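Chemist: Numbered according to our numbering, the sequence shown terminates at residue 260, and the numbering increases by one at each position without gaps.
Would you mind keeping the following structure in view while I ask a few things?
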Amino acid sequence: MIGCKLKIAIVFAMAAVAGMPAVASACDVSHGVRAKIESGSYRATLNGVLLKDRGVKLSSGNEAASQASTEHILSEWLVTGKNILKIDYDGSAAEFQIFARCKGEYDDHDIVDTVNFTSSSSKQLSFEHEGPLDYNYLKADIAGDEGLLDAVKKLQDAARTGDVDTVLHMHAPLIEEFGRQIGSADGFTSYLRTILSGYPVEIAKTLTVTPIMGGRVYQIVGPDGQPPISVSGKMDKSSFSWPGGAYWAKFGDEWAVVTN
């Protein structure tokens, strides 16, 4: 799992809009997963994609959950229609729920699905997204991975040599998504220019390519889950770490980063 103290991608959680239950009153509905853990840890995937930290603790591997109850808004890797959340649980007692909630509210609108564990196993939950989706990753081509690793190397070379313009260009879908959800990507772009030009960049040497979303997107990570490039340091007395180049898709003849 790609972890960090300050995650730029946390903003996408603000854009979570999921399908409205048939009995729901008129409101924009977000779906999320709630974990109530008495022991153990878990790994969660949505439509085959590993969920990452978005400000709420998700345990993985042998790492124990830090809270008895946690919540995670499902804001990325949605598809129109049925969405599958898979839980790989390691422990003796836990409950997981999919909840629906009107945006801007804190109380549940509905509990869509629930699974309980009394031992280590894997189970699935599901929910329906009925409305249209406009994520850039859904607009990408399904055309195999030819040229992908060359594009990743180009990104790493640009980061290593300080070619910030190329790094930003190769992250164009991610930056565009940010701007659409927040209203402007100017601040984000300025932030990336600052950290990419002012802080050392770490380059992952060994990478694994994994197709996700039916081959429309490819995950690129190192042996410990690290992204192809990453920048970390301290800014305004706060620590940060930004992952780059983790999820790629092809648009025409060009590979680009759709999210991290």
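For every residue, glycine included, the Cβ atom is placed at its ideal position computed from N, Cα and C.
Here the structure is a predicted model, which is why all the values come from computation and not from measurement.
How would you call residue 23, buried or exposed, if buried means at least 16 neighbouring beta carbons within 10 angstroms?
Modeler: Reliability fails at residue 23, whose pLDDT of 37 lies under 50, so the model's placement of it is uncertain and no value is given.
Chemist: Going along the chain, which unbroken runs of the beta strand (DSSP E) with 3 or more residues stay wholly within the region 62-120?
Modeler: Fully enclosed beta strand (DSSP E) runs of 3 or longer: 69-73, 81-90, 94-102, 110-117.
Chemist: Suppose you measure from the CA of residue 42 to the CA of residue 115; what does that come to, to the nearest Å?
Modeler: Approximately 13 angstroms between the Cα atoms of the pair.
Chemist: Report yes if the C-beta distance between residue 28 and residue 82 is below 8 angstroms; otherwise report no.
Modeler: No, Cβ-Cβ distance for residue 28 and residue 82 is not below 8 angstroms.
Chemist: Residue 57 to residue 150, Cα distance in whole Å?
Modeler: Note that residue 57 scores 44 on pLDDT, short of 50, meaning its location in the model is unreliable; the coordinates nonetheless yield the value given after this. When rounded, the distance between both Cα atoms is 34 angstroms.
Chemist: Do you know offhand how far residue 143's Cα is from residue 49's?
Modeler: For residue 143 and residue 49, the distance between alpha carbons rounds to 19 angstroms.
Chemist: Using the Cα positions of residue 191 and residue 199, report the straight-line distance between them to the nearest angstrom.
Modeler: Each residue's Cα considered, the two are about 12 angstroms apart.
Chemist: In angstroms, rounded to a whole number, what distance separates the CA positions of residue 152 and residue 177?
Modeler: Distance between the alpha carbons of residue 152 and residue 177: 20 angstroms.
Chemist: Is the Cβ-Cβ distance between residue 94 and residue 40 less than 8 angstroms?
Modeler: In this structure, residue 40 lies closer than 8 angstroms to residue 94 by Cβ.
Chemist: Is the beta carbon of residue 223 closer than 8 angstroms to that of residue 260?
Modeler: No, the pair does not count as a contact, with Cβ atoms beyond the cut-off.
Chemist: Does DSSP put residue 206 in a helix, a strand or coil?
Modeler: Looking at residue 206 - three-state DSSP - the assignment turns out to be coil, as it is neither helix nor strand.
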